[in-house]
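Numbering (mature numbering (1 follows the signal peptide of the UniProt record, and there is no 0)), first residue to last: -16 to -1, 1 to 181.
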Ligand SMILES: *[C@@H]1O[C@H](CO)[C@@H](O)[C@H](O)[C@H]1NC(C)=O
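In structure tokens:
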């Protein structure tokens, strides 16, 4: 854990998915460790990223593109990573994945902070551009437009769902959005979460 914390301070310095080094004298093919749909071809020492047609996956054992059902695909959040990198977790702002080479570790942001992909670190909630779309977790068939969801970096804004799309609203006047009762309340009746405005 100490090691993770130490290297975490260097996050953002090096994020690298590098194409393979090609032998000048031999043509060859290499899987893209970050994407099963792609591979690199090496020709005269130059690596070119290629995409399998029709959503097929590249199979490095057979050196061909085939339908996904026939190709083992194990791409994780840290696949192809060298060194230290912080990666956002899809639709989650309160934690992130720290990659040490290809090994993932999920870390939780401290209270009042949210992950921000540009910084590659947890920042004060109000400074984070990370947005969680609560509507993706709601069944559109049963979703009620009358349900209000918090905007994680804000104490004034909230979200209503138009099917899967989040629509942002702002509490009027001096009212604030209470995550306790999921509606706008007088600012004297609710203590805003740390880091929000
Ligand atoms: C990290 O969190 C994501 C999303 O919750 C999960 O899918 C993944 O398995 C977790 N990875 C680790 C290494 O715990």
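Positions of the beta carbon are idealized from the N, C-alpha and C atoms, including for glycine.
- Boundaries of the beta strand (DSSP E) around residue 72: 68 to 73.
- Where residue 153 is concerned, the enclosing beta strand (DSSP E) starts and stops at 149 to 154.
- Here residue 20 is not near residue 62, since their CB atoms are 8 Å or more apart.
- Judged by DSSP in its simplified three-state form, residue 26 adopts strand.
- The way I'd put it, the region 134 to 142 does touch the region 155 to 168; three or more beta-carbon pairs between them come closer than 8 Å.
- In the same chain as residue 52, and ignoring 5 residues on each side of it, the C-beta atoms closer than 6 Å to its own belong to 41, in chain order.
- CA-CA distance, residue 11 to residue 26, rounds to 5 Å.
- Checking the 7 Å criterion, the Cβ of residue 118 is out of range of every heavy atom belonging to ligand 1.
- Of the heavy atoms belonging to ligand 1, at least one sits nearer than 7 Å to the Cβ of residue 89.
- DSSP places residue 16 in the coil class of the three-state scheme, outside both helix and strand.
- Its chain contains 22, 23 as the residues whose beta carbon lies nearer than 6 Å to that of residue 16, once the 5 sequence neighbours on both sides are disregarded; these appear in chain order.
- Distances taken from the Cβ of residue 78 to the heavy atoms of ligand 1 include none shorter than 7 Å.
- Scanning 84, 9, 129, 157 for the CA closest to the CA of residue 149 turns up 129.
- Judged by DSSP secondary structure, residue 167 falls within the beta strand (DSSP E) whose first and last residues are 167 to 169.
- Setting aside the 5 residues that flank it on each side, residue 106 is surrounded in the same chain by 93, 94, 97, 98, 99, each with a C-beta closer than 7 Å to its C-beta; the list follows chain order.
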